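A.B. asks: In numbering that gives the first Met the number 0, the protein residues as written are 0 to 120. Right, I'll just put the structure down here and ask away after.
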Amino acid sequence: MLLQCMMALPIALLVNILLGVAIASTKLEFDKQKLIQGIVKGGSIYLAIGGLFLIAKVIPTIDVEGVGQLDILNALTVIISTVLGIYVYKDLQKLMEVLQLKTQSSDSLKAWNQPQGTSED
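Below is the structure:
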């Protein structure tokens, strides 16, 4: 499960960034700096998770005083699947927003191009 999530996470991050660009372009609010920050954030998250994955491979369990034994691999799997779920949820929200914006934009364009006092109906 962890390996599958690790393969899917960068795709979800990329989709999130691309949909953010689409939304910004539709609103004519594209910000190159924000795009770069999104890419850096996504890459940082993925590298951090990769580091934790390597730690889990070297030390699968660790004894934590007062807590007991912690299975790093299982804990990481729960966290990664949660993060993946959050990003997929955000991706779906952004996709809905993009589709709605495109519909609104095309409706506005039709109304704008139509001569005064006429109707398509």
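Each residue gets a CB set at the ideal place from its N, CA and C atoms; glycine is no exception. Computed from a prediction, not measured in an experiment: that's the story for all the values here.
Would you say Ala21 touches the ligand GDP, meaning its beta carbon is less than 7 Å from a heavy atom?
C.D. replies: With respect to small molecules bound, the structure shown includes none, and the ligand GDP cannot be examined in it.
A.B. asks: Could you check where the alpha helix (DSSP H) with Leu12 kicks off and where it finishes?
C.D. replies: 1-25
A.B. asks: Should Asp120 be labelled buried (16 or more other beta-carbon atoms within 10 Å of its own) or exposed?
C.D. replies: Any reading at Asp120 needs caution, since the residue's pLDDT is 49, under 50, leaving its predicted position unreliable; the model's value is listed next. The residue is exposed, with fewer than 16 neighbouring Cβ atoms inside 10 Å.
A.B. asks: Tell whether a beta-carbon distance below 8 Å holds between Ile71 and Ile61.
C.D. replies: yes
A.B. asks: Which parts of the stretch 49-100 are runs of the beta strand (DSSP E), unbroken and 3 residues or longer, counting only runs that do not cross its ends?
C.D. replies: Listed in chain order, they are 60-63, 67-70.
A.B. asks: Is the beta carbon of Val97 sitting closer than 8 Å to the one on Ala7?
C.D. replies: No, these two residues do not count as a Cβ contact at 8 Å.
A.B. asks: Within 10 angstroms of the Cβ of Asp30, are there 16 or more other Cβ atoms? Answer buried if so, exposed if not.
C.D. replies: Asp30 is exposed by the Cβ-count criterion.
A.B. asks: Compare the Cα-Cα distances from Lys33 to each of Tyr45, Asn15, Gly49, Gly50 and report the closest residue.
C.D. replies: Asn15
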